[in-house]
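Novice: Numbering (this note's numbering), first residue to last: 10 to 576.
What follows is a single structure, and I will ask about it in a moment.
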């Protein structure tokens, strides 16, 4: 067994962002009253001036990132986020967020060690939920609480002997590595970069209570299973899996073409009577319950095909069930980019080459993996994404991993080497987007993934101690049209400039004499209007408010597309 100091860095596993987002299903539950302690040091000045209690009974408090003991103190690189918004690290459910109370007021329901300690957190807006999630921690050891979820009809649901873990070293944490401070001395403690922690505690609401409005929760200190009183519970926030009788679709996926995509989904257990509604945008800003949908599908139709999209542009599509009348589900989202081609390495694990020297982007591994992508005629590479996973075996550490990508076709490498993190075995996931190493290439383009390790035997490319796992190295290239150079494209766009945008009823085309056909389509690809040899003014009085694609077929054979907005 090798001897090595534990890495200061956390085992921060980089994960590809989930393509499925429950935009409104999981919501913070704002609290109007019940906090009884300020245990977060913030702002400029002594910690004692911005707190009125500690977390653990022995003088330690949390810190916000904006804390400075003096105006000239260094800015913190750790601590609770300044805006108080915590996106949970727990992967199921994904996308859960919490809103902490103000750091300049009471922000914790703190229960001292006495078993009679109790408190009530009242919600600003009562909501019906399927599950509650509590953000909490225990100071100076694990603790246990009894919880009563109180409904607006006067009934309640008990949760007995709910465990709360000590703020160091526990699992199921929503956030970690936030540090702490000694209130009396302003002494900062980064705690190894992985502590303290705040934990996510699920509370499943029974089916009979899911339609009731949750008005408050009562929390009471309880004995541990051992019979001891345990540490000091601190409850900071709650979020809810909001109840909706109209169920969401699930499993959104997409199949893209050069200029379009087909988006598919799975119907909920109870299929919606009026089909589905969808909203398409190039912005990741989620629609609200009152947003006008881009389009809809009939009952039983669980897919939509979108045409006339811009190659290489990322699109976001939200879908919701339409149960009739004003009853719709929450939106759920996926994203896609027309004109993307992917290739995955499937010929085995790629060994990490042993080296004691500093690895640079000119260090070539003799054990590297090679993979090619063929670009369709008429297109070139606009950007490159790479994903892969490196695993340690035997006695390897993730912190010993080094890797980088090279485009062999033009002999261009990434600008820096990527490293793993963690003084222990495991799998480290890598994902890098928007690389320019293969830009403007056409035909067959070849890539090389170079992987290295700093510990283990030189085993002639056998995948021991550190390796790139088979079936995880994926290259995705985003295509752009190759028929026009950038300067030519800009010139054509200038010739065919449209204004105003957004417009009310009339859209003007500059240099309309160069345009053969003007086509207006909605974001689902449905043609709204076609005008041959248009004049400088396109009349669109009868078109409803929304986002459209205006495609101009030029008389010289080129094509220019631009997005326009009808007010």
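Don't be surprised by glycine CBs; every beta carbon is placed ideally from N, CA and C.
All of these numbers come straight from a predicted model, not from anything done at the bench.
Is the stretch 323-338 touching the stretch 251-267, taking contact as three or more C-beta pairs under 8 angstroms?
Specialist: Counting Cβ pairs under 8 angstroms, three or more are found: they touch.
Novice: Taking the alpha carbon of residue 314 as the point to measure from, which residue in 448, 299, 289, 431 has its own alpha carbon closest?
Specialist: The candidate whose alpha carbon is nearest that of residue 314 is 289.
Novice: By Cβ distance, which residues of its chain are closer than 6 angstroms to residue 417, with the 5 residues on each side in sequence left out?
Specialist: Only 455, 457 meet the Cβ criterion.
Novice: Here's a check: name, in chain order, each residue in its chain whose Cβ is nearer than 6 angstroms to the Cβ of residue 354, leaving out the five neighbours to either side.
Specialist: Correct list, in chain order: 378, 380, 482.
Novice: Tell me which residues share the same chain as residue 568 and place their Cβ nearer than 8 angstroms to its Cβ, disregarding the 5 neighbours each side in the sequence.
Specialist: These residues qualify, in order along the chain: 560, 561, 562.
Novice: Would residue 151 and residue 66 qualify as a contact pair, given that the criterion is a beta-carbon distance under 8 angstroms?
Specialist: Contact: no.
Novice: Please indicate yes or no: does the CB of residue 74 lie closer than 7 angstroms to some heavy atom of the ligand GTP?
Specialist: Among the components modelled here there is no ligand, and therefore nothing to report on the ligand GTP.
Novice: Any idea what DSSP makes of residue 216, helix, strand or coil?
Specialist: If DSSP states are grouped into helix, strand and coil, residue 216 belongs with the helices.
Novice: My output table needs one value for residue 523: the three-state DSSP class, helix, strand or coil.
Specialist: Residue state, collapsed to three classes: helix.
Novice: Could you check which residue in 529, 543, 515, 542 has the C-alpha nearest to that of residue 550?
Specialist: Here the closest residue by C-alpha is 515.
Novice: By the 10 Å Cβ neighbour count, where 16 or more other Cβ atoms means buried, how is residue 541 classified, buried or exposed?
Specialist: Burial call: exposed.
Novice: Rounded to a whole number of angstroms, what is the C-alpha to C-alpha distance between residue 484 and residue 95?
Specialist: So the alpha carbons of these two residues sit roughly 32 angstroms apart.
Novice: Do residue 426 and residue 439 have their beta-carbon atoms positioned less than 8 angstroms apart in this structure?
Specialist: Result no, Cβ atoms of residue 439 and residue 426 do not sit closer than 8 angstroms.
Novice: Cβ of residue 478 within 8 angstroms of Cβ of residue 400?
Specialist: Cβ distance < 8 angstroms, so residue 478 and residue 400 count as in contact.
Novice: Does DSSP put residue 201 in a helix, in a strand, or in coil?
Specialist: Correct three-state label for residue 201: helix.
Novice: Given residue 423, which residues of its chain have a CB within under 7 angstroms of its CB, disregarding the five upstream and five downstream residues?
Specialist: Cβ neighbours of residue 423 beyond the five flanking positions: 370, 413, 414, 444, 446.
Novice: Please state the DSSP three-state secondary structure of residue 463.
Specialist: The answer is coil: DSSP assigns residue 463 none of H, G, I, E or B.
Novice: Can you tell which of 186, 311, 453 has its C-alpha closest to the C-alpha of residue 276?
Specialist: Closest option to residue 276, Cα to Cα, is 311.
Novice: Applying the 10 Å Cβ sphere with the 16-neighbour rule, what's the burial state of residue 480?
Specialist: With fewer than 16 other Cβ atoms within 10 Å, it is exposed.
Novice: Per the DSSP calculation, residue 541 is bridged to which residue(s)?
Specialist: Paired residues: 526.
Novice: Going by Cα to Cα distance, which pick from 37, 234, 58 is closest to residue 112?
Specialist: Ranking 37, 234, 58 by Cα distance to residue 112 puts 58 first.
Novice: What beta strand (DSSP E) runs, 3 residues minimum, are completely inside the stretch 317-370?
Specialist: Qualifying beta strand (DSSP E) stretches, in chain order: 324-330, 341-345, 349-353.
Novice: Can you find the residues in the same chain that come closer than 7 angstroms, C-beta to C-beta, to residue 506, ignoring five residues on each side of it along the sequence?
Specialist: Correct list, in chain order: 519.
Novice: If you run the structure through DSSP and keep just helix, strand and coil, what is residue 46?
Specialist: Here residue 46 sits in strand by DSSP.
Novice: Alpha carbons only, please: which of 344, 214, 553 is nearest the one belonging to residue 271?
Specialist: Of 344, 214, 553, the residue nearest in Cα terms is 344.
Novice: Run through DSSP, which three-state label would residue 501 get?
Specialist: Legend: pLDDT at residue 501 = 45, less than 50; position of this residue unreliable, no value from coordinates given.
Novice: Can you list, in chain order, the residues of its chain with a C-beta nearer than 6 angstroms to that of residue 364? Leave out the 5 residues immediately preceding and following it.
Specialist: Same-chain partners within the cutoff: 461.
Novice: Please state the DSSP three-state secondary structure of residue 15.
Specialist: Any reading at residue 15 needs caution, since the residue's pLDDT is 27, under 50, leaving its predicted position unreliable; the model's value is listed next. Coil, per DSSP.
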